[in-house]
Amino acid sequence: MTRIQSHGLAIGLALTTALVVGACDRTEEDRGVTIADTAAGVVDTAPATTARSVAALLTDENILALLDTTYDAMLEADQLAMDRTDNEQVRQFASRAVTQNAASRRAVIATVQRLGVAPVLPDMDPVEGHADAMALMRQRAGSMFDEVYVDQAAETRKELIEEIDEALGVETRPDAVKELLRQLKAQLEADVKSLEALKT
5 MTRIQSHGLA IGLALTTALV VGACDRTEED RGVTIADTAA GVVDTAPATT
55 ARSVAALLTD ENILALLDTT YDAMLEADQL AMDRTDNEQV RQFASRAVTQ
105 NAASRRAVIA TVQRLGVAPV LPDMDPVEGH ADAMALMRQR AGSMFDEVYV
155 DQAAETRKEL IEEIDEALGV ETRPDAVKEL LRQLKAQLEA DVKSLEALKT
């Protein structure tokens, strides 16, 4: 009888030890942990793998900073195209784009002021490769310039549309930001169509 009890105790201790060790071996991914990302303003109680993707979403401050920076880069390229191209259609597009992009940038700044937020760029570089593209365009002339400019302008706008689509997917985004994003997206999509037509 004593042997059975001590054997039962041994089994009980072994099971308890296994459970404790198993619990200690669990990673943050296995447990529901609270992830706080103060830079992105995200606090989440989902598993860590889910929390990381949630934390990657851009805040209002991030998306507004990204828009401002990208529109500034597009303006620089469009102004260069106005000065350098020999193609009348490319010049017309660039001239229209300068006017539109300047107005879009003013709308971004007005939204920042209305919301009273301080724009903060996300960790990623929204205009990665822009300086290299500008340097390449400055080295080209004629149809070679046009080709580089049109490709760069279309790619920049497509990437910005993707960022806007992701930002619009955030339900808690303020209506003022959503409305701005929708307007900018419509204009960018029209620009991409125009640029694609210039390639043919």
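The working numbering applies: residue 5 is where the sequence shown begins, and numbers increase by one. Each residue gets a CB set at the ideal place from its N, CA and C atoms; glycine is no exception.
Give the C-beta separation of residue i and residue j to the nearest angstrom, bearing in mind that I take them to be a contact with Cβ-Cβ under 8 Å.
i	j	result
Leu172	Leu125	No, Leu172 and Leu125 are not in contact; Cβ-Cβ is about 19 Å, not under 8 Å.
Glu65	Val102	Actually they are not in contact, since the Cβ atoms of Glu65 and Val102 sit about 27 Å apart, beyond 8 Å.
Leu192	Val94	Rounded, the Cβ-Cβ distance is 18 Å, inconsistent with contact.
Val131	Thr74	6 Å
Asn105	Asp136	So it is not a contact: roughly 20 Å between Cβ atoms.
Based on Cα-Cα distance, which residue from the options lies nearest to residue i?
i	options	result
Thr63	Leu202, Glu175, Arg109 and Gln187	Glu175
Thr178	Arg118, Thr160, Gly146 and Glu163	For the sequence presented, residue 178 should be read as Pro rather than Thr. Of Arg118, Thr160, Gly146 and Glu163, the residue nearest in Cα terms is Arg118.
Met141	Met78, Asp76, Ala85 and Ala77	Ala85
Val112	Ile67, Ala101 and Arg88	Ile67
Gln187	Leu199, Ile165, Lys197 and Ala201	Ile165
Met78	Gln156, Ala180 and Ser198	Gln156
Glu151	Asp195, Asn91 and Arg110	Asn91
Ala180	Ala114, Arg144, Tyr153 and Leu199	Ala114
Glu200	Glu183, Arg161, Glu170 and Lys189	Arg161
Ser108	Asp76, Lys182, Ala158 and Glu167	Asp76
Lys197	Asp169, Lys182 and Ala158	Ala158
Glu163	Gly133, Asp87 and Phe97	Gly133
Asp72	Arg110, Asp127, Met148 and Gly146	Arg110
Asp87	Glu170, Glu167, Asp169 and Ala145	Ala145
Which complete alpha helix (DSSP H) runs does the stretch 85-128 hold, if anything under 4 residues is left out? 92-119
Length-filtered (4 minimum) alpha helix (DSSP H) runs lying within the stretch 143-180: 146-172
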